[in-house]
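Enquirer: The structure is given below, and queries will be raised subsequently.
Set out below in structure tokens:
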């Protein structure tokens, strides 16, 4: 795939997540996907995402920055959401928080095979401090 094709596949993947279209997830995610070095497989990856949406009902993935260098994608995702209780070990308890996630993806055969992700936890912690 060239840069444009890979970017389009990635944008379709993000749209799939935002629709919570789990039956289509396998079009974008490889059966043997790993996340931050942990082998999850497609079913584990799907479970992780389903859990995220269960814990954060208004979760929406918003692409803020996207760089395509096949077979890799680098993306900065922006979130403005309301986790129900604990999130990343923090007592968010239904407060709205905004934060970014920096993610690198490796694709093989038009599917994500590896994901490296870092969430800006410090930005969330700063929002939870008393005024």
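Residue numbers (the numbering used here): 36 to 166. Where a beta carbon is used, it is the ideal one built from N, C-alpha and C, also for glycine. Just so you know, these numbers come straight off a predicted model, no measurement behind them.
Out of 157, 159 and 139, point me to the one whose CA is closest to residue 150's CA.
Expert: Stepping through the chain shown from its first residue, residue 150 is reached at position 115. Among 157, 159 and 139, the Cα nearest to that of residue 150 is on 139.
Enquirer: Are there 16 or more other CB atoms within 10 angstroms of the CB of residue 112, so buried, or fewer, so exposed?
Expert: Locating residue 112 in the chain shown gives position 77, where the first residue counts as 1. Residue 112 comes out buried.
Enquirer: If you pair each beta-carbon of the segment 57-72 with each one of the segment 112-124, do three or more pairs fall below 8 angstroms?
Expert: no
Enquirer: Is residue 101 closer than 8 angstroms to residue 110 when the C-beta atoms are compared?
Expert: Residue 110 sits at position 75 when you count from the first residue of the chain shown. Residue 101 sits at position 66 when you count from the first residue of the chain shown. In this structure, residue 110 lies near residue 101, with their beta-carbon atoms less than 8 angstroms apart.
Enquirer: Report the three-state DSSP secondary structure of residue 163 (helix, strand or coil).
Expert: Numbered from its first residue, the chain shown carries residue 163 at position 128. It is helical.
Enquirer: Residue 134 by DSSP, collapsed to three states: which one?
Expert: Residue 134 sits at position 99 when you count from the first residue of the chain shown. The answer is strand: DSSP assigns residue 134 an E or B state.
Enquirer: For residue 103, is the classification buried or exposed, using 16 other Cβ atoms within 10 angstroms of its Cβ as the cut-off for buried?
Expert: By 1-based counting over the chain shown, the position of residue 103 is 68. With 16 or more Cβ atoms within 10 Å of its Cβ, residue 103 is classed as buried.
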